[in-house]
Amino acid sequence: MPTPAVYGNWKMNLDVVEAIHLTQQLGVLRRRSPLEHVEVGVAPPFVDLRSVGSVNEADRIGLVLCAQHVNEHESGAFTGEVSLAMLERLGVRAVIVGHSERRRLYGMDDALVASTVARVAGAGLRAIVCVGEDAEVRASGGEEAFVAEQLRAALGGLTEGARGNVTVAYEPLWAIGTGVVAETAQVAAQNHSIRVTLDELGLEAPVLYGGSVSPENAAELAREGAVDGFLVGGASLRAEAFHAVCRAVDDCYASTR
Ligand code: PEP
Numbered sequence: 038m039p040t041p042a043v044y045g046n047w048k049m050n051l052d053v054v055e056a057i058h059l060t061q062q063l064g065v066l067r068r069r070s071p072l073e074h075v076e077v078g079v080a081p082p083f084v085d086l087r088s089v090g091s092v093n094e095a096d097r098i099g100l101v102l103c104a105q106h107v108n109e110h111e112s113g114a115f116t117g118e119v120s121l122a123m124l125e126r127l128g129v130r131a132v133i134v135g136h137s138e139r140r141r142l143y144g145m146d147d148a149l150v151a152s153t154v155a156r157v158a159g160a161g162l163r164a165i166v167c168v169g170e171d172a173e174v175r176a177s178g179g180e181e182a183f184v185a186e187q188l189r190a191a192l193g194g195l196t197e198g199a200r201g202n203v204t205v206a207y208e209p210l211w212a213i214g215t216g217v218v219a220e221t222a223q224v225a226a227q228n229h230s231i232r233v234t235l236d237e238l239g240l241e242a243p244v245l246y247g248g249s250v251s252p253e254n255a256a257e258l259a260r261e262g263a264v265d266g267f268l269v270g271g272a273s274l275r276a277e278a279f280h281a282v283c284r285a286v287d288d289c290y291a292s293t294r
């Protein structure tokens, strides 16, 4: 059974001072109310990684340092981009790959997602691979086939060594940042379908849900959606809210599994 996990994607929010403050707040909450089962990670903007990593280490907070994106090449003339080696040097252990905002706003296609996953997972870091349908695909009823195709494209060619380093985050586009949460039955159905595809690909990977997750809906989604945790956007910017989501997953794991 996979270790449950919750990752906070801070996106392009929080300058370095704010990022340090949020990290320290998380440290206080985690000391006050320790989490026993769930792995918790945060993905700050690149420029905050070093400071967040230092505070995390110095205060022994126990967060997994994550990045929001990485370039697929090893090094070279890629102005504005960041390499995996640079992230590793800062203590990054996981990278979000193919977030819908990268796919939609920066043209990250399936082939680029696949090569980036291969680089990250091949180097022994966790690749948190985002998949999910938009509202149009959902309305047509093709959401399971669409996500299955995304998974085959992203994960089909992984080497043996990389296969154990993948986490899937199912994030329907219509639920991201909208306040519209997928119904538990929709999450459970897509989750089941994802697991069938992973099986077909010979992969065992934790499956997370992301899309307007909050302390109010996390417990039900974790329990009835049968997911292994969450990728959290907006709520991860507030220490209390993020910790409450982690707490819900921790409690769910302790009581029902
Ligand atoms: C996300 O962007 O990955 C996300 C899940 O955002 P939010 O929680 O704000 O919907």
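Numbered per our numbering, the sequence shown finishes at 294, counting up by one with no gaps. Even glycine gets a Cβ: it sits at the ideal position worked out from N, Cα and C.
Might you give, ordered along the chain, the residues of its own chain that have their beta carbon closer than 7 Å to the beta carbon of V84, omitting 5 neighbours on each side? V53
So the alpha helix (DSSP H) L258 belongs to, where does it begin and stop? 255-261
Can you grab the Cα-Cα spacing for the pair H58 / G64, in whole Å? 10 Å
Supposed close pair N276, P252 - CB separation, criterion 8 Å: Reading off the sequence shown, one finds Ala at residue 276, where the question assumed Asn. So it is not a contact: roughly 12 Å between Cβ atoms.
Complete runs of the beta strand (DSSP E) confined to the stretch 169-232 [at least 3 residues]: 203-207
Name, in chain order, the residues that DSSP records as bridge partners for C103. A131
Pairing CB atoms from the stretch 170-187 with CB atoms from the stretch 197-213, are three or more of them under 8 Å? yes
How many Å lie between G90 and G193 at the Cα? 33 Å
Option in S249, E180, E237, E138 with minimal Cα separation from A226: E180
Here's a check: name, in chain order, each residue in its chain whose Cβ is nearer than 7 Å to the Cβ of F183, leaving out the five neighbours to either side. E170, V174
If the criterion is Cβ atoms closer than 8 Å, does the pair N108 and E94 meet it? no
When the Cα atoms are used, what is the spatial distance from L149 to V203? 16 Å
Once you ignore the five residues that flank V217 on each side, which residues in its own chain have a CB closer than 8 Å to its CB? W211, G248, S249
Can you look up A278 in the DSSP assignment and give me helix, strand or coil? helix
Within 10 angstroms of its Cβ, does Y246 collect 16 or more other Cβ (buried), or is it exposed? buried
Taking Cβ positions only, does A151 come closer than 8 Å to chain C? In summary, chain C is missing from the structure at hand, where a single protein chain is found.
For the putative contact between L162 and A131, defined by C-beta atoms under 8 Å, what is the C-beta separation to the nearest angstrom? 6 Å
With respect to 7 Å, is the separation between the Cβ of L268 and the closest non-hydrogen atom of the ligand PEP below this value? yes
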